[in-house]
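Here the working numbering is used: the first residue of the sequence shown is 364, the next is one more, and so on. For every residue, glycine included, the Cβ atom is placed at its ideal position computed from N, Cα and C.
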Amino acid sequence: MQIDIHSHIIPGVDDGSQDMKTSIALLRMAAENGTTDIIATPHVIDVSTTLTWDIIRRKVEELQKEADKNGIPIRIYPGAETELNWDLLELIRKDHSAFCLAGSRYCLMEMPSLMLPPNLEEMIYELQLMDIVPVLAHPERQMQLMEKPEKLLELLKRGCVAQSNGGSLTGVFGPKPHAKVHMLINNNMVAFMGSDAHNLRHRNTDLSGAREKIVLHWGEETATELFETRPKCILENKALPDALYLNRLPQTIVKPKQEKPKKKGIFAKLFG
Ligand SMILES: [Fe+2]
Numbered sequence: 364m365q366i367d368i369h370s371h372i373i374p375g376v377d378d379g380s381q382d383m384k385t386s387i388a389l390l391r392m393a394a395e396n397g398t399t400d401i402i403a404t405p406h407v408i409d410v411s412t413t414l415t416w417d418i419i420r421r422k423v424e425e426l427q428k429e430a431d432k433n434g435i436p437i438r439i440y441p442g443a444e445t446e447l448n449w450d451l452l453e454l455i456r457k458d459h460s461a462f463c464l465a466g467s468r469y470c471l472m473e474m475p476s477l478m479l480p481p482n483l484e485e486m487i488y489e490l491q492l493m494d495i496v497p498v499l500a501h502p503e504r505q506m507q508l509m510e511k512p513e514k515l516l517e518l519l520k521r522g523c524v525a526q527s528n529g530g531s532l533t534g535v536f537g538p539k540p541h542a543k544v545h546m547l548i549n550n551n552m553v554a555f556m557g558s559d560a561h562n563l564r565h566r567n568t569d570l571s572g573a574r575e576k577i578v579l580h581w582g583e584e585t586a587t588e589l590f591e592t593r594p595k596c597i598l599e600n601k602a603l604p605d606a607l608y609l610n611r612l613p614q615t616i617v618k619p620k621q622e623k624p625k626k627k628g629i630f631a632k633l634f635g
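Printed below as a string of structure tokens:
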């Protein structure tokens with residue numbers, strides 16, 4: 364079993380797949396590389412515009428029919444990658460499953476890559492009062508959180524959970540997110556891995572490379588937790604057992620040692 368909780372596979376609704384042919388190819392690629400379940404998470408930035416929760420659910424049904432017709436053994440669920448704002452909070456207040464992952468109590472949130480929203484904590488608190496679990500999408504790509512990962516740890520200790528991208532681990536986004544995702548997994552701060560697939564090129568639905576790397580560095584058990592056990596809690600709308608995440612968060616974050624620049628020898632000084 365392999366569950367991908369973050370993907371842009373619905374055709375023509377955001378900057379992900381642009382047509383049904385691409386969506387089907389992305390689903391086939393996912394299934395061929397071990398994914399059995401995938402949550403479609405189109406960007407929902409302004410909830411007052413066109414992409415409503417009803418439309419997302421309907422489009423997922425259509426996509427599932429096409430996948431079945433093409434003989435692709437994969438189960439697709441509705442979801443969204445939301446930009447946290449007060450309008451969205453109001454919609455969730457009215458309908459608790461709206462824009463949440465597979466209609467559960469988990470809501471995938473994207474934070475702007477440079478600046479965190481000024482009232483982030485307040486909005487997270489509001490969500491938690493509604494019994495919603497904020498899932499922070501790819502924190503390894505958020506500058507402020509990675510400059511000060513203690514801030515992320517504080518959010519996780521308060522009940523948020525983090526999802527990292529397979530591509531960050533395989534180097535698709537460059538060396539910085541790659542190093543950061545290593546640091547986060549080393550510190551048990553990542554709850555789920557996801558593809559965040561947008562296209563058939565480098566940001567695709569193949570999670571096999573990321574899974575292999577996790578098995579290699581952290582072992583089979585960690586891979587099973589990141590791709591199966593914990594995401595299954597989302598599909599079943601169950602709380603993540605503390606023993607599986609919260610209790611394993613570090614007291615202080617262990618960061619890789621900064622390499623000191625080597626002192627140059629006399630020959631290097633003269634001829635280097
Ligand atoms: Fe995304």
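(message) So the candidates are 572, 372 and 368; which of them puts its Cα closest to the Cα of residue 561?
(response) For the purposes of this step, residue 561 is taken as the residue at position 198 of the sequence shown. Nearest option by C-alpha distance: 372.
(message) Measuring only the C-alpha atoms, how far is residue 457 from residue 413?
(response) Mapped onto the sequence shown, residue 457 falls at position 94. Mapped onto the sequence shown, residue 413 falls at position 50. C-alpha separation (whole angstroms): 18 Å.
(message) When you measure from the CB of residue 367 to every non-hydrogen atom of ligand 1, does any distance come out below 7 Å?
(response) Position 4 of the sequence shown, counted from the first residue, corresponds to residue 367. No, ligand 1 has no heavy atom inside 7 Å of this Cβ.
(message) I need the boundaries of the alpha helix (DSSP H) containing residue 636, first residue and last residue.
(response) Residue 636 falls outside the range modelled here, since the chain spans only 364 to 635, and no answer is possible.
(request) Report the rounded CA-to-CA distance for residue 618 versus residue 551, giving the unit in angstroms. (result) Sequence index remark: in the sequence shown, residue 618 carries index 255 (1-based). Sequence index remark: in the sequence shown, residue 551 carries index 188 (1-based). So the two alpha carbons sit approximately 12 Å from each other.
(message) Is the beta carbon of residue 367 closer than 8 Å to that of residue 499?
(response) Here residue 499 refers to the residue found at position 136 when the sequence shown is read from its first residue. Here residue 367 refers to the residue found at position 4 when the sequence shown is read from its first residue. Contact: no.
(message) Given this structure, state the Cα-to-Cα distance separating residue 531 from residue 370, to the nearest angstrom.
(response) Counting from 1 along the sequence shown, the entry for residue 531 is found at position 168. Counting from 1 along the sequence shown, the entry for residue 370 is found at position 7. Inter-residue distance for residue 531 and residue 370 is about 14 Å (C-alpha atoms, whole angstroms).
(message) Please report the straight-line C-alpha distance between residue 595 and residue 400, rounded to a whole angstrom.
(response) Locating residue 595 in the sequence shown gives position 232, counting from the first residue. Locating residue 400 in the sequence shown gives position 37, counting from the first residue. Going by the C-alpha atoms only, they are around 9 Å apart.
(message) Is it buried or exposed, residue 582, if we count other Cβ atoms within 10 angstroms and call 16 or more buried?
(response) Counting from 1 along the sequence shown, the entry for residue 582 is found at position 219. Residue 582 is exposed by the Cβ-count criterion.
(message) Strictly under 8 Å for the Cβ-Cβ distance: is residue 511 near chain B by that measure?
(response) Looking for chain B here will not work: only one protein chain is present.
(request) Check whether the Cβ atoms of residue 443 and residue 471 lie closer than 8 Å to each other. (result) For the purposes of this step, residue 443 is taken as residue 80 along the sequence shown, with counting starting at 1. For the purposes of this step, residue 471 is taken as residue 108 along the sequence shown, with counting starting at 1. Closer than 8 Å, so yes.
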